[in-house]
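Residue numbers (mature numbering (1 follows the signal peptide of the UniProt record, and there is no 0)): -24 to -1, 1 to 508. Where a beta carbon is used, it is the ideal one built from N, C-alpha and C, also for glycine.
Right, here's the structure in full:
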């Protein structure tokens, strides 16, 4: 018998004696050490450069970043999915291009003389009848909706609810408002109005003319900074309950009611003193309203690279970060987003290279790994939500998601104490994921693990604010790593030179060791927890 034949038979016998998983569990350290600070810096210097103009979702510059990431995935030996390194995310930008209001032929400017809590399309120059409903409250002595002929009309009502001379809310007798008087009390009034067939709601601001003017100017600044576009999924239809909710001054309301501002405010005081609805003798005039909305397709993608596993290849571990940022501010300054989330993006790139090198050397993981940088996080976690609704691999076969968003900067509490990381979510759905995290950190990295933001009562609600959550809500275990918020969060100062790359390296290596263990262990991670 030839020596080569004997060697092959020996290997077969060895495979029968030693489980396949034991062979796969080779030493991960050499591959973890390919995740280097200098390589992270090289990639981030491009990803967060001025030339990419802040990688705003759907911008041409974001597409440049996507191509750069996809090219790196390919060079690292990762495969495309369904023939592509890109998953198209079908989004549109909805914006309000024209909003106009006129009363008795006099035109009023949107954000100049009135504003809105909600907008919905209205055919240009629609003439709409108005009905007055006092405070628009239906509670205790207030019955403002009783016998209100609102069908096909706009309901006009005072904002908030009545207060007495001591400043207490009439309904409660305390400083605590009812549902009608809270910040979103207009929703309750709109719901009541729509139940009677109203087409919309007009609120009379409770502020003085001067204060209302200041509120309008503040809204103008917000619109300048953030724009009036809203990015949504193209296949999401407008809500059937969508309706305009306008906010106007008492002087404008007096025009609609055919009275003076003084008489209107006097009536308002009478209602407060009576602590109940008071019949009004105002005669309303119709308004003319125009609200136009446009939609523009958004050209944006999740970037994916796939490393197929061996004997457990149908099970998939996902490693994520978001590669979009907020682009250019209204004042022309570039928000490069080096920390948010250029740091996570380059971490996923280096993880791809490390696992790709291991696979090339015969150390392919047992489970498959999907490396994914997602789009639209800054617009509402849209890229990861799209993936969870249109998964490239069945969610039932998805073992976990490990998400990295904002590492390499320190919050105020940890200045001078860099070897820490906040981790959120690892125990919420799986007890074994938290165990893997603690074990691998103790064995290889030694970061201080801070779980404070994992508290369900944390007012920051970070658990719900990055892409891992779109996996968690489908019952998939998640772990989320970040270093906390700092002074340059969503500011032009979030630049490469402020990143501590040794810290990014440590977090990247910790994620690598976790993913190595999870993808090669015999048992799939347990889903045995249901923590808030």
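In the three-state reduction of the DSSP assignment, residue 301 falls in the strand class. Each residue's CA atom was taken as its position, placing residue 26 and residue 508 some 40 Å apart. In the assembly as shown, residue 81 is an exposed residue. Its beta-carbon has fewer than 16 other beta-carbons within 10 Å. Between the alpha carbons of residue 185 and residue 109 lies a distance of about 21 Å. For residue 323, the enclosing alpha helix (DSSP H) has its first and last residue at 319 to 336. Taking every protein chain shown into account, the CB of residue 9 has fewer than 16 other CB atoms within 10 angstroms, so this residue is exposed. DSSP places residue 494 in no beta strand (DSSP E) but in the uninterrupted alpha helix (DSSP H) bounded by 477 to 496. Cβ atoms of residue 310 and residue 30 come within 8 Å of each other, at about 5 Å. For the pair residue 257 and residue 113, the Cα-to-Cα distance works out to about 18 Å. Counting only the Cα atoms, residue 267 lies some 21 Å from residue 126. Annotation: residue 316 to residue 232 spans about 48 Å, alpha carbon to alpha carbon. In this structure, the alpha-carbon of residue 158 lies about 33 Å from that of residue 211. Taking C-beta separations shorter than 6 Å and ignoring five residues to either side along the sequence, the partners of residue 430 in its chain run 400, following chain order.
Within the same chain, and ignoring the five residues on either side of residue 140 in sequence, the residues whose Cβ sits closer than 7 Å to its Cβ are 146, 248. Residue ranges of uninterrupted beta strand (DSSP E) with 3 or more members, entirely inside the region 88 to 144 and ordered along the chain, are 91 to 94, 98 to 104, 106 to 108, 130 to 134. Within the same chain, Cβ atoms closer than 7 Å to the Cβ of residue 244 are found at 134, the five residues on either side in sequence being excluded. Counting only residues of its own chain and dropping the five nearest sequence neighbours on each side, residue 90 has a CB closer than 7 Å to the CB of 77, 84, 222, 223, 224, 228. Distances from the CA of residue 34 to each of 67, 4, 58, 497 were compared; the closest alpha carbon is that of 67. Secondary-structure assignment with DSSP links residue 217 through no beta bridge to anything. In this structure the region 317 to 329 touches the region 347 to 366; the number of beta carbon pairs closer than 8 Å is three or more. By the criterion of at least three beta-carbon pairs nearer than 8 Å, the region 393 to 413 is in contact with the region 445 to 464. With a contact defined as Cβ atoms closer than 8 Å, residue 132 and residue 106 qualify at about 5 Å. For residue 7, the enclosing alpha helix (DSSP H) has its first and last residue at 5 to 8.
Relative to residue 203, the option among 28, 70, 48 whose CA is nearest is 70. Non-local C-beta neighbours of residue 73 in its own chain, meaning closer than 6 Å and more than five positions away in sequence, comprise 268, 270, ordered along the chain. In this chain, the beta strand (DSSP E) harbouring residue 347 covers 343 to 350.
Within the same chain, and ignoring the five residues on either side of residue 47 in sequence, no residue has its Cβ closer than 7 Å to its Cβ. When Cβ pairs closer than 8 Å are counted between the two stretches, the region 403 to 421 is seen to touch the region 487 to 494, the count reaching three or more. In the three-state reduction of the DSSP assignment, residue 461 falls in the coil class. DSSP places residue 415 inside the alpha helix (DSSP H), whose first and last residues are 407 to 416. Following the DSSP letters along the chain, one finds residue 388 in no beta strand (DSSP E), marked with neither H nor E. For the pair residue 15 and residue 326, the CB atoms are nearer than the 8 Å cut-off.
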